[in-house]
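Note that the numbering used here gives residue 105 to position 26 of the sequence shown, counting from 1, and the numbers run on in steps of one.
Reading through the structure tokens given below for one structure.
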Amino acid sequence: GAISASPGAILTGTAIGTPPLYERTATDPRFSFQPVSVTHSVPVIAGIPRFAAINGGVEVDLFGQVNSEWVNARQVASTGGLGNFVRGANLSAGGRNIIALPATARGGERSRIVARLASPTITLPRSEAGYVVTEHGVADLRTADIDQRADRLIAIAAPPFRDQLANEWAALRAGL
Numbered sequence: 080g081a082i083s084a085s086p087g088a089i090l091t092g093t094a095i096g097t098p099p100l101y102e103r104t105a106t107d108p109r110f111s112f113q114p115v116s117v118t119h120s121v122p123v124i125a126g127i128p129r130f131a132a133i134n135g136g137v138e139v140d141l142f143g144q145v146n147s148e149w150v151n152a153r154q155v156a157s158t159g160g161l162g163n164f165v166r167g168a169n170l171s172a173g174g175r176n177i178i179a180l181p182a183t184a185r186g187g188e189r190s191r192i193v194a195r196l197a198s199p200t201i202t203l204p205r206s207e208a209g210y211v212v213t214e215h216g217v218a219d220l221r222t223a224d225i226d227q228r229a230d231r232l233i234a235i236a237a238p239p240f241r242d243q244l245a246n247e248w249a250a251l252r253a254g255l
């Protein structure tokens, strides 16, 4: 990722791509490579107005909790900078934190909006969720109560799964 409070400057920790990209980053003075202690610093990120943190997720449950590490009981990724970037964006003046994911997995056979996370850990707690985006829309979870969160997330799930998710939410809600 790249961050900078200076217009035109690019503060980053990595650059992964093609030989022309490597040549450009080596010769363009606007690029500044820094350690993770700088690029993932919550105060640095929070100091950038309108910072948008866009992270991926494996699944999001109807409470707004995010799993971005586990698939089928196997850890496939680490948290990376997700928490730092989300916290920084939440503290940034006009900042936004966004979790983006396809609505389904396995060729449309499985919803990635789920009633409850199947993973043994939660990468992003519901208290820090901002926006969740799928190809079916945007769920704004900021200041939403649990029923509003569920409704908004069901609305951006793949249409074939919406009724099932609504039924699962009703059962979950009855037990709360």
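Every residue gets a Cβ at the ideal spot worked out from N, C-alpha and C, and that includes glycine.
Asked, Found
"Got a sec? Which residues, its chain only, sit under 8 Å from G216 by beta carbon, not counting five neighbours each side?", "A234, I235"
"Taking C-beta to C-beta, are G136 and I178 nearer than 8 Å?", "yes"
"Between the Cα of A79 and those of E214, I124, T213, A208, spot the shortest distance and give me the residue it belongs to.", "Here the chain has residues from 80 to 255 only, and residue 79 is not among them."
"Do A168 and A131 have their CB atoms nearer than 8 Å?", "yes"
"Could you pull the start and end residues of the alpha helix (DSSP H) that A234 belongs to?", "225 to 235"
"Only counting the same chain, and skipping five residues up and downstream in sequence, which positions put a Cβ closer than 7 Å to that of T104?", "A94, F110"
"For the 8 Å Cβ check, are there 3 or more pairs between the region 182 to 202 and the region 107 to 121?", "no"
"So, helix, strand or coil for D242, using DSSP?", "helix"
"For L203 versus Q144, is the C-beta spacing smaller than 8 Å?", "yes"
"In chain order, what are the residue ranges of uninterrupted alpha helix (DSSP H) at least 4 long that sit wholly in the region 83 to 143?", "98 to 106, 115 to 118, 121 to 125"
"Is there at least one Cβ from chain C nearer than 8 Å to I133's Cβ?", "Reference to chain C is not applicable here, since this structure consists of a single protein chain."
"One question on the structure: do E44 and R191 come within less than 8 Å of each other, judged by their Cβ atoms?", "Absent from the structure is residue 44, since the part of the chain shown begins at 80 and ends at 255."
"Who pairs with W149 in a beta bridge, going by DSSP?", "Q154"
"Which same chain residues end up closer than 6 Å to G80 when comparing Cβ atoms and leaving out the 5 residues on each side of it in sequence?", "The predicted model places G80 with a pLDDT of 48, which falls under 50 and marks its position as unreliable; any figure quoted below should be read in that light. Cβ within range, chain order: n/a, list empty."
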